[in-house]
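Visitor:
There are 2 protein chains.
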Amino acid sequence: MKYGIVLFPSKEIQDAVNSYRKRYDTNYALIAPHVTIKSAFFATDEEIKPIVQELHKIAEDTQPIKLNIQKVSSFSPVNKVIYLKIEPTKQLLDLHSKLHSGILDEKPEYSFVPHITVGQNLSEDEHSDVLGSLKMRNFEHEETVDRFHLLYQLENGTWTVYDTFLLGKECN
Amino acid sequence: MKYGIVLFPSKEIQDAVNSYRKRYDTNYALIAPHVTIKSAFFATDEEIKPIVQELHKIAEDTQPIKLNIQKVSSFSPVNKVIYLKIEPTKQLLDLHSKLHSGILDEKPEYSFVPHITVGQNLSEDEHSDVLGSLKMRNFEHEETVDRFHLLYQLENGTWTVYDTFLLGKECN
Numbered sequence: 000m001k002y003g004i005v006l007f008p009s010k011e012i013q014d015a016v017n018s019y020r021k022r023y024d025t026n027y028a029l030i031a032p033h034v035t036i037k038s039a040f041f042a043t044d045e046e047i048k049p050i051v052q053e054l055h056k057i058a059e060d061t062q063p064i065k066l067n068i069q070k071v072s073s074f075s076p077v078n079k080v081i082y083l084k085i086e087p088t089k090q091l092l093d094l095h096s097k098l099h100s101g102i103l104d105e106k107p108e109y110s111f112v113p114h115i116t117v118g119q120n121l122s123e124d125e126h127s128d129v130l131g132s133l134k135m136r137n138f139e140h141e142e143t144v145d146r147f148h149l150l151y152q153l154e155n156g157t158w159t160v161y162d163t164f165l166l167g168k169e170c171n
Numbered sequence: 000m001k002y003g004i005v006l007f008p009s010k011e012i013q014d015a016v017n018s019y020r021k022r023y024d025t026n027y028a029l030i031a032p033h034v035t036i037k038s039a040f041f042a043t044d045e046e047i048k049p050i051v052q053e054l055h056k057i058a059e060d061t062q063p064i065k066l067n068i069q070k071v072s073s074f075s076p077v078n079k080v081i082y083l084k085i086e087p088t089k090q091l092l093d094l095h096s097k098l099h100s101g102i103l104d105e106k107p108e109y110s111f112v113p114h115i116t117v118g119q120n121l122s123e124d125e126h127s128d129v130l131g132s133l134k135m136r137n138f139e140h141e142e143t144v145d146r147f148h149l150l151y152q153l154e155n156g157t158w159t160v161y162d163t164f165l166l167g168k169e170c171n
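Line order of the protein sequences matches chains R and H.
Quick note: the first sequence, position 22, residue 21 per numbering that gives the first Met the number 0, numbers continuous.
Quick note: the second sequence, position 147, residue 146 per numbering that gives the first Met the number 0, numbers continuous.
1. Quick one: is H/Ser96 buried, meaning 16 or more other Cβ sit within 10 Å of its Cβ, or exposed?
2. Applying a beta-carbon distance threshold of less than 9 Å, which residues of chain H neighbour R/Asn17?
3. Give me whichever residues DSSP pairs with H/Val34 in a beta bridge.
4. Quick check on H/Thr157: buried or exposed, where buried means 16 or more other Cβ atoms within 10 Å of its Cβ?
5. Exposed or buried, H/Ile102, counting other C-beta atoms within 10 Å across all chains shown (16 or more means buried)?
6. Give, in chain order, every unbroken run of the beta strand (DSSP E) that is at least 3 residues long and sits entirely within the region 59–133 of chain H.
7. When DSSP labels each residue in this structure, what does H/Arg146 get in the three-state scheme?
8. Considering only residues of the same chain and omitting the five flanking positions on each side of R/Pro113, which have a CB-CB separation below 6 Å?
9. Please confirm whether H/Leu142 and H/Pro32 have their CB atoms less than 8 Å apart.
10. Mind listing the chain H neighbours of R/Met0? Cutoff is C-beta to C-beta under 9 Å, in chain order.
11. Can you give me the C-alpha to C-alpha distance between R/Glu125 and H/Phe41, rounded to a whole angstrom?
12. Against chain H, does R/Lys21 count as a neighbour if the rule is that its beta carbon must be under 8 Å from one of theirs?
13. Give a yes or no on whether the C-beta atoms belonging to H/Val80 and H/Gln52 are separated by under 8 Å.
14. Note down the Cα distance separating H/Ile68 from H/Val129, rounded to an integer number of angstroms.
15. According to DSSP, is H/Lys1 part of a helix, a strand, or is it coil?
16. Taking the alpha-carbon positions, what's the H/Glu108 to H/His148 distance?
17. Mapping DSSP to helix, strand and coil, what is R/Tyr27?
18. Is R/Ala39 close to chain H, meaning its C-beta is less than 8 Å from at least one C-beta of that chain?
19. Determine the burial state of H/Ser110: buried for a count of at least 16 other Cβ atoms within 10 Å of its Cβ, exposed for fewer.
20. Over the uninterrupted beta strand (DSSP E) stretch that includes R/Leu165, give me the two end residues.
21. Taking CB distances under 8 Å as the criterion, tell me whether H/Asp14 reaches chain R.
Next up, the structure:
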């Protein structure tokens, strides 16, 4: 099965981001607005059990994390992805690092740039237009997330939550 | 915020059901295939905290639950909803009852008929056709679910998991 690990920002941010994703993000219907902390990886039903145990340990050792949304940006020219840039704090980088160590070791495909995708698979012109227009808005926002989620992907491409891990709780 | 509590069946069942929901269920894009245990209720950020505590206690006191899918059925003529009927075992009825007692007390809108929706909002003719054709297939299946999920609804109608509760675990 294909799994991934994400943070969900608050409903307030999710609703705001979705108002753009609806028009600009081809993955709009597949997953709610999120910050990917570990991108898609494969695990069998057997393999996922020790991984879940490890995720519990990591969550226990990690304090709730500040998400500091800074501005709109784009991965262009590498990828025509428009996103809200999140400050790469030590807390976030540490969590990302823990989720790519030990039995979770797997070299990430890209270097870790914490973000919430707003648009993707846009034409060159559309990408410039949308990015230009979004840059005129202020997206600065700070909030704290106290959990991460392990998701799996269904055959239709949608992601469903398998488990939730509360940060800094001895039992979760 | 609007919350709900569901069980997700296995990926195998979710994929099978989605192949029909894609065509016949207008809520296809809003939520993965599920068994609703507590339908939509409202709670503020403050109100949800003791509810989550209560859900932890209920999960701790509940053993993993057998989902026994029996056959295709319909709520017609009350509602033109086609669904997979799940055996209303004592385990399921007990969980439903616990999720409607104490601070979770709220009279359910309908009597509890555990099910996974396959189609809804179909025309009269379409409803008969789809139901007739699905009735010729065998959907019998048994599996065990070891968790339930607390979801919240975004403004666009989609449901996101807020928390996951493992059944029968002292700490979850």
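Beta carbons: idealized from backbone N, C-alpha and C, even for Gly.
Computed from a predicted model, the values in this text were never measured in an experiment.
Guide: Walking through what the data contain:
1. What you label residue 96 of chain H is simply residue 97 of the second sequence in a count that begins at 1. Answer is exposed; the Cβ neighbour count stays below 16.
2. As a first step, residue 17 of chain R must be located in the first sequence, where it is residue number 18. The contacting residues are Leu153, Glu154, Asn155 and Thr157.
3. Looking up residue 34 of chain H in the second sequence gives position 35. Partner(s): H/Leu6 and H/Ile115.
4. Residue 157 of chain H sits at position 158 when you count from the first residue of the second sequence. Under this definition H/Thr157 is a buried residue.
5. Numbered from 1 along the second sequence, position 103 holds the residue referred to as residue 102 of chain H. Counting Cβ neighbours within 10 Å, H/Ile102 comes out exposed, since fewer than 16 surround it.
6. 64–73, 81–85 and 114–118
7. Here residue 146 of chain H corresponds to residue number 147 of the second sequence, with the count starting at 1. Of the three classes helix, strand and coil, the one that applies to H/Arg146 here is strand, per DSSP.
8. Position 114 of the first sequence, counting from 1, holds the residue named residue 113 of chain R. Excluding residues within five positions, the ones whose Cβ falls inside 6 Å are Val34, Ile85, Pro87 and Leu91.
9. Taking the second sequence and counting its residues from 1, one reaches residue 142 of chain H at position 143. Taking the second sequence and counting its residues from 1, one reaches residue 32 of chain H at position 33. The amino acid occupying residue 142 of chain H in the given sequence is Glu; Leu does not appear at that position. No; because the gap between Cβ atoms is not below 8 Å, this pair is not in contact.
10. What you label residue 0 of chain R is simply residue 1 of the first sequence in a count that begins at 1. Lys10, listed in chain order.
11. Indexing the first sequence from 1 puts residue 125 of chain R at position 126. Indexing the second sequence from 1 puts residue 41 of chain H at position 42. If you take the alpha carbons of R/Glu125 and H/Phe41, they lie about 39 Å apart.
12. Walking along the first sequence from the start, residue 21 of chain R turns up at place 22. It does; some Cβ of chain H falls within 8 Å.
13. The residue labelled residue 80 of chain H in the question sits at position 81 within the second sequence. The residue labelled residue 52 of chain H in the question sits at position 53 within the second sequence. Cβ atoms of H/Val80 and H/Gln52: not closer than 8 Å.
14. Working through the second sequence from its first residue, we reach residue 68 of chain H at position 69. Working through the second sequence from its first residue, we reach residue 129 of chain H at position 130. Going by the C-alpha atoms only, they are around 18 Å apart.
15. Residue numbering aside, residue 1 of chain H sits at position 2 when the second sequence is read from its first letter. In the structure shown, H/Lys1 sits in a strand (DSSP, three-state: E or B).
16. Numbered from its first residue, the second sequence carries residue 108 of chain H at position 109. Numbered from its first residue, the second sequence carries residue 148 of chain H at position 149. It is roughly 20 Å from the alpha-carbon of H/Glu108 to the alpha-carbon of H/His148.
17. Counted from its first residue, the first sequence places residue 27 of chain R at position 28. Coil, per DSSP.
18. Sequence index remark: in the first sequence, residue 39 of chain R carries index 40 (1-based). Not closer than 8 Å to any Cβ of chain H, the Cβ of R/Ala39 fails to qualify, so no.
19. In the second sequence, residue 110 of chain H corresponds to position 111, counting from 1. Burial call: exposed.
20. Taking the first residue of the first sequence as position 1, residue 165 of chain R is located at position 166. First-last of the beta strand (DSSP E) with R/Leu165: Trp158 to Leu165.
21. Counting from 1 along the second sequence, the entry for residue 14 of chain H is found at position 15. Yes - at least one Cβ of chain R is within 8 Å of the one on H/Asp14.
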